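In my numbering, each number is its position in the sequence shown, counted from 1, plus 3. All C-beta atoms in this analysis are idealised placements derived from N, C-alpha and C, irrespective of residue type, glycine included. Predicted model only: the values in this text are computed from it and were never measured. Scroll down for the structure; my scribbles are underneath it.
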Amino acid sequence: MCDECRDGPHADVERVLISSEQIDARLCGMALEIADVYAGQDAGLTLAPVMSGAIVFVADLIRKLPLKMKLAMTHVSTYPGATTQAHPPRVVVEPVGDLAGRHVLIVDDILDSGSTLRRVRAMAQERGALSVRSAVLLRKPGKAPPDVPVEFVGFDIDDLFVVGYGLDYDDHYRNFPHVGVLRAGLMP
Ligand code: 5GP
Ligand code: MG
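Here it is in structure tokens:
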């Protein structure tokens, strides 16, 4: 862990699960996988990051992607406030940008039950996307339902509640540079 991460709110993180260096290296690999699929396609590519959790992931990923693309941010809320119990996903802000006739790549921080991606995939299809694929940084095991395909996965992790690199607890810790686990007692 770097020096500046030892103090302040970052001290709430008990351990680093995946370091920013490991994430950076994996993103280079993911970018190659994604570029392989979309390179040379006539219709345009639109990345649809699911805010706010995907904010850091998408910012790093797009700078490694040698593809012409547009961004259409969408905002979905699943874990409102200080809860770790998922609620049915609610689209808070519709994607800004046209998805019709575009190849849409949904970008999200983590695949847990799959309900968020299912909701966003349906929305992209309703809006006339030419194709819909998904990229997630993290995937929890044994939960991803078969009707929610995810073509690009950064890391498979254990079934833990993680924060950092965009992922929050009660809207905090998104700025922790690594993916980590909070100290016991900080979550209900
Ligand atoms: P799903 O809809 O697949 O159950 O959950 C996906 C969404 O729930 C993610 O986009 C993320 O916002 C939130 N989520 C799921 N698991 C975690 C976790 O371990 N930590 C945090 N911070 N958010 C999570
Ligand atoms: Mg999310």
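| query | result |
| --- | --- |
| Any non-hydrogen atom of the ligand 5GP within 6 Å of VAL166 CB | yes |
| Check: THR49 C-beta below 6 Å from any heavy atom of the ligand 5GP | no |
| VAL123 (DSSP reduced to helix, strand or coil) | helix |
| Identified DSSP bridge partners for PHE155 | ALA138 |
| Burial state of LEU163 (16 or more Cβ within 10 Å) | exposed |
| Where VAL99 falls: helix, strand or coil (DSSP) | coil |
| Limits of the beta strand (DSSP E) - the one that SER80 falls within | 77-80 |
| Proximity test, SER137 beta-carbon vs the ligand 5GP heavy atom, cut-off 6 Å | no |
| Check: LEU114 C-beta below 6 Å from any heavy atom of the ligand 5GP | yes |
| Strand pairing of LYS73, partner residues [DSSP] | THR49 |
| Residues near ALA75 in its chain [Cβ-Cβ closer than 7 Å; skip 5 each side] | THR49, ALA51, PRO98, VAL99, GLY100 and LEU102 |
| Option nearest LYS67 by Cα separation, candidates ILE37, ASN178 and ILE58 | ILE37 |
| ASP171 in three-state terms, based on DSSP | coil |
| Cβ-heavy atom distance, THR77 to the ligand 5GP, below 6 Å | no |
| Which listed residue (SER134, ALA138, GLY104 and ARG130) has its alpha carbon closest to that of THR119 | ALA138 |
| Close Cβ partners of GLY47 (< 6 Å) along its chain, the five nearest in sequence each way excluded | ARG105 |
| Cβ-Cβ distance between VAL184 and GLU17 below 7 Å | yes |
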